[in-house]
Each structure stands twice: as C-alpha cells, then as structure tokens.
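For the sequence shown, the residue numbers in full-length UniProt numbering are 1 to 195. Beneath this line is the structure, given in structure tokens, with notes to follow.
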Amino acid sequence: MIQGSSREEGQVAPAYVVVVASLLFLALAFFAVGQAGATRNGAQTGADAAALAAAKESRDQFELELQAGLDRAFLAAVFNLGQFGSFRGCEEAFPMAEQNDTVVTAGGCRPAHNGGWAFTVEVETRKPVGDTVLPGTETKKATADATAALTSRCRYTPAPEPLGTLTCEGTVPWLVGEGPPPDGPDLFDIRLAEN
C-alpha cells in the first residue's frame, strides 16, 4: 500500500469549502432573482387590476352619457365609428392599485390614445425587493404598466322612428329610446391589451 506524505493530508478540505461556499452563494443569488421576479409580478398584477378598474368605471360613466345623449350622430359615432365618449375612469385606478400593494405613479393613469377607447396605468410596488446578496435591491421597487381597452359589442342602425336599433352580440336588439338601454357589459367588452 502506498502512503502519501504528511504534506498532502487535508489538501482537499479547502477545495470543498470553496465549492460549498460557491454553491451557497449561487443559491442565494437564485433566491434574489426569484424575489425580484415575485416583486415584478406583484407590480404587474397591480397595474392590470388598476387599468381594468379605470376601464370599467369609464364604461359605467358611459352608460349615463348614453341615456342622456340619445341622438343619431352620437350613436353612430360611438358604435359605428369607434369615437368613444367617456375617458373618465382613472379615479378608480388608485384604490384598485392600493388593494394590490402598489401605487399609481405620478401621471400614471391616462387615456391611451391608440385610436380606441383604452386606459394605460403605470404603478410601482410599495415595498422594495428587499435584502439579498445582490447589492442595491434593498431600495429597488418594481414598476409595471398595463393597458385595458374597451371594444364595442354593438352596431347602430339609424332609422327615422324610433331613433334606430342597437344590436349587440348575445342580446335582443334595442329600439333606441324605448325602454332602458342594454347594460355596460352588453355594450362593451373590456380586455387587457398588449403594451
């Protein structure tokens, strides 16, 4: 049997310590990346919810405008030409963002002038990513934005008397001015749009 010299004993132990320390650091770095990803996902959830809330409020406001503005030009502009009326709705984005532990940034809710009826909301998380092995994450907050768009489900057909017919997908046609108009969800769909 061959015996090593006493100088070779214990040479492997420092290498094991370095390998274990490296693996531990790598695990902590992966944890930091995961923590940052979770914070970013929380911000995106807050932005999505806030944009949808703004769009829903705008649709609800439009229902009131529809009842007040029953004339052929208004109905044709809204339902046939896509010239939507109400861009009020941002006030609902703020509480919805807060419910999702985010805040709407300064000027972060606005109509999205993309040729349609939409709202874009930008938010920032209330809490930072936190302490990790990566420097700078202690104060770094995640930001995200989302756009919610409203699309008409109806087509307006003018007529001399009554004012015409509003035909919406999945509902009975409404003779304009006779009885209550269809509800907001029957008039417009709300969906998140690609940014």
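Glycine is no exception: its CB is placed at the ideal position from the N, C-alpha and C atoms. In this text the structure is predicted, and so the values were computed from the model without any measurement.
Distance, residue j Cα to residue i Cα
i	j	result
L64	D48	25 Å
R126	G177	48 Å
N114	Q35	34 Å
residue 255	L163	The requested residue 255 does not occur in the structure, where the chain is confined to residues 1 to 195.
T168	L26	Before going further, note that residue 168 is Cys rather than Thr in the sequence given. Approximately 57 Å between the Cα atoms of the pair.
G116	A29	43 Å
L66	P95	26 Å
Q44	F188	24 Å
V18	T39	31 Å
Q61	F87	9 Å
E98	A53	12 Å
L175	A193	32 Å
V20	V12	12 Å
Q83	V33	44 Å
R72	I190	25 Å
P160	P173	16 Å
Cβ-Cβ separation, residue j to residue i (assumed contact under 8 Å), whole Å
i	j	result
T139	P128	5 Å
T147	V123	With a Cβ gap of about 13 Å, T147 and V123 do not count as contacting.
A55	G107	Contact doesn't hold; Cβ gap of about 18 Å is too wide.
A15	T120	A15 to T120, Cβ: 54 Å. No contact.
A118	L150	7 Å
G46	N100	4 Å
D186	T165	D186 to T165, Cβ: 14 Å. No contact.
Three-state class that DSSP yields for residue i in the structure shown
i	result
G170	coil
E124	strand
L163	coil
P181	coil
L70	coil
D145	strand
T139	coil
D48	helix
S22	helix
D189	strand
L81	coil
G108	strand
Status (buried if at least 16 other CB within 10 Å, exposed otherwise) for residue i
i	result
S58	buried
V78	buried
L23	exposed
E92	buried
L75	buried
Examine the Cβ distances between the region 148–156 and the region 176–191 and report whether three or more of them are shorter than 8 Å. yes
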